[in-house]
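Last residue of the sequence shown: 151 (the UniProt record's numbering), numbering continuous.
No residue lacks a Cβ here, since even glycine has one placed at the ideal position from N, Cα and C.
On a predicted model such as this, the values are computed, not experimentally measured, just so you know.
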Amino acid sequence: MSYERIIVTSISLSIVVILTIFMYSIGHHEIFGMVVVGMLWGCTNVFMKQGIHFHHNENDTFFQNIITDIKTLVTSYSFVVPFLINQTGSILFTILLGNNDFSLVVPISNALTFIFTFITAYLLGENQLSLKCITGVLLVLLGVTICQTAK
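In structure tokens:
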């Protein structure tokens, strides 16, 4: 994955977050915020996974390897940028929890996270489409729809 793609994706996601916060503040439906949280969490999961490359030295102690891992995470912007965007989703999630029904926000946001993780991994070539995956995504969408209409 090229760094240009990561930067463009990061900027795009940041714009979506800003627009979401604006739309949320002027009174649009909370489901839009939940979709954005799911998108921010789901899309960045794949990029964070790709951004982590640990190299352990067999001669180092356990604690030396931990220090090396932390240093690798903090200095790798291919991990840090998606992580910060992911945390922006967490901030929006907290805002949603404060203003909406907990029993809707949590399951819908988490279900949508699964869907966006699957879609992003597929688009980046990490997953293959299969009947099981498509069935799972459709069942999650059905569950989200039932949650939203039941309240």
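| Query | Result |
| --- | --- |
| In whole angstroms, give me the CA-to-CA distance for residue 101 and residue 48. | 30 Å |
| For residue 137, collect the residues of the same chain with a Cβ closer than 7 Å to its Cβ; drop the 5 residues on either side in sequence, then sort them by chain order. | 115 and 118 |
| Once DSSP output is grouped into helix, strand and coil, what is the label at residue 50? | helix |
| Do you know offhand how far residue 152's Cα is from residue 90's? | No information on residue 152 is available, as it lies outside the stretch 1 to 151 that the chain covers here. |
| Short check: CB of residue 85 to CB of residue 44, under 9 Å? | yes |
| Verify the CB distance criterion: does residue 92 have a CB-CB separation below 9 Å to chain D? | Included in the structure is just one protein chain, with no chain D present. |
| Can you tell me where the alpha helix (DSSP H) holding residue 65 begins and where it ends? | 62–75 |
| Under the rule that 16 or more other beta-carbon atoms within 10 Å means buried, what is residue 125, buried or exposed? | exposed |
| Is the beta carbon of residue 106 closer than 9 Å to that of residue 92? | no |
| Return helix, strand or coil for residue 130, following the three-state DSSP convention. | coil |
| Let me confirm a value: residue 143 is counted as buried when at least 16 other C-beta atoms fall within 10 Å, else exposed. Which label applies? | exposed |
| Evaluate residue 150 with the Cβ neighbour count: other Cβ atoms within 10 Å of its Cβ, from every protein chain shown; 16 or more gives buried, anything less gives exposed. | exposed |
| Considering only the beta carbon of each residue, do residue 74 and residue 81 sit closer than 9 Å? | no |
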